[in-house]
Every structure is written in C-alpha cells, then in structure tokens.
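S.K.:
In the working numbering, the protein residues as written are -19 to 186.
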C-alpha cells in the first residue's frame, strides 16, 4: 500500500466512522461506562446510615469496629483497544478485509471516547506483542492509531489472545474499558482464563 493510498483509506474511515458516531451513540456510550469509572479512595469509621455493602471487613476485623470503603468517580476513563493483527486479518470479502473492518470498529470506539474526553490506547498483537500505543487524547492520536491498524505489518502469523490480555494487565493499573477485537482463531483455549482475570480488573468487551 502506497503512502497516498494509506492516507486516502485513513481519511475515508475517518469520514465514515465520524458519521456513525451519532449523538445517540455517544449518549449510550456515556451512560454505559461513565458511572462505572470508580476507584477506591480511603476507609473511614462506619456511621449509622452508611451502606453496609461498603463495609471493609478486613479493616473491621483488624480494628475491632466497623469501617467502610469510600470511592470516588474518576474524572475520565481510559479506553484500550486490543486488536488482533495476525495473518487471518488479511482475509475477508472482495470489498473489505478483516483488518479494514477492525480499523473501522476501532475508529468508531475511538471517536466515541474522544467525544466524551476520554483517553484511548492501542495494543496490537498476533502470537506476540506487536505494538503498544499508550492512551492519549486528540484527533492526531486517533488518526495515528487508525493508520497503524491499516498499515502495520505483523512479525507473527498466528494468534495468541492471552498475549494481548497480559499486556493490558501489565500496562493499565487503573480500571479501563477494554475492547478485544479479533476473529478468535486461537487454538490455545488458555486465553479464556486470561480473559476472566482481565475482566476482574477491567471492563472487558469481546
């Protein structure tokens, strides 16, 4: 693919997906994820009227009197895109390869996150880690990710979903919204256990 062809494809996907990210979709994105971005803040002693579901039983047992956990809503979310760039992505219909379809899906998610002022990052993997783009904001950052998806030439041919999930866990300490984009042609079913582990820390959508 020449540079001119790549620029044209990136521009086409940008225009097409920006149209798909309607106000309604953006509202659904906001309501679905914004309220789930909470993190632990501190503990304090229980007072009548506190929700008993917030009691920290470990601290309560240690101190001999009830304590509750306090949480605060995060001001912004981090959206991570885990995209399979193995050889199977080169297949598809006459009109569109799987790789191009993945790029369009990633673009919709990216522009939706941007509209809500959230950061977006990218993990490209095959049977190994291919590329990691730290989460950031901004249109130029979004277009770079789309370009990488379309033009990236993977070193690996196979698929190891657990690799992408492991990078997610190691790179994101705070809770994130993670989208796993793949055709799931992974013969090693160990990825299912890796997905369970990742889902305990992050909101994982596959």
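For each residue, glycine too, the CB sits at the ideal point set by N, CA and C.
Values in this document were obtained by computation on a predicted structure and should not be read as measured data.
Helix, strand or coil for residue 109, going by three-state DSSP, please let me know.
M.R.: Strand at residue 109.
S.K.: According to DSSP, simplified to helix, strand and coil, what is residue 6?
M.R.: Confidence at residue 6 is low in this model, with a pLDDT of 49, below 50, so its placement is unreliable and no value can be given for it.
S.K.: With DSSP as the reference, label residue 101 as helix, strand or coil.
M.R.: Residue state, collapsed to three classes: strand.
S.K.: Rounded to whole angstroms, what is the Cα-Cα separation between residue 43 and residue 26?
M.R.: So the two alpha carbons sit approximately 12 Å from each other.
S.K.: Out of 159, 164 and 100, state which residue places its alpha-carbon closest to the alpha-carbon of residue 179.
M.R.: Closest option to residue 179, Cα to Cα, is 159.
S.K.: Here's the rule: buried if 16 or more other CB atoms are within 10 angstroms of the residue's CB, otherwise exposed. What is residue 134?
M.R.: Flag for residue 134 reads buried.
S.K.: Return yes when the Cβ of residue 122 is within less than 9 Å of the Cβ of residue 91, no when it is not.
M.R.: In this structure, residue 122 lies closer than 9 Å to residue 91 by Cβ.
S.K.: Please tell me whether residue 85 has its Cβ less than 9 Å away from any Cβ of chain C.
M.R.: The structure shown contains no chain C; it holds only a single protein chain.
S.K.: So, for residue 165: in the same chain, excluding its five sequence neighbours on each side, which residues have a beta-carbon less than 7 Å away from its beta-carbon?
M.R.: 68 and 139.
S.K.: With contact counted as at least three CB pairs below 8 Å, one residue from each stretch, are the segment 30 to 40 and the segment 84 to 100 in contact?
M.R.: Too few Cβ pairs lie closer than 8 Å, so no.
S.K.: Rounded to whole angstroms, what's the CA-CA distance from residue 113 to residue 57? Just pull it up for me.
M.R.: Cα-Cα distance, rounded: 16 Å.
S.K.: Using the beta-carbon count (16 or more within 10 Å), is residue 168 buried or exposed?
M.R.: Label assigned to residue 168: exposed.
S.K.: At the level of alpha carbons, what is the spacing between residue 155 and residue 89?
M.R.: In a straight line, the C-alpha of residue 155 is about 17 Å away from that of residue 89.
S.K.: Let me check understanding here. Comparing Cα to Cα, which of 117, 120, 144 and 80 lies closest to residue 103?
M.R.: Checking every option, the nearest Cα to that of residue 103 belongs to 144.
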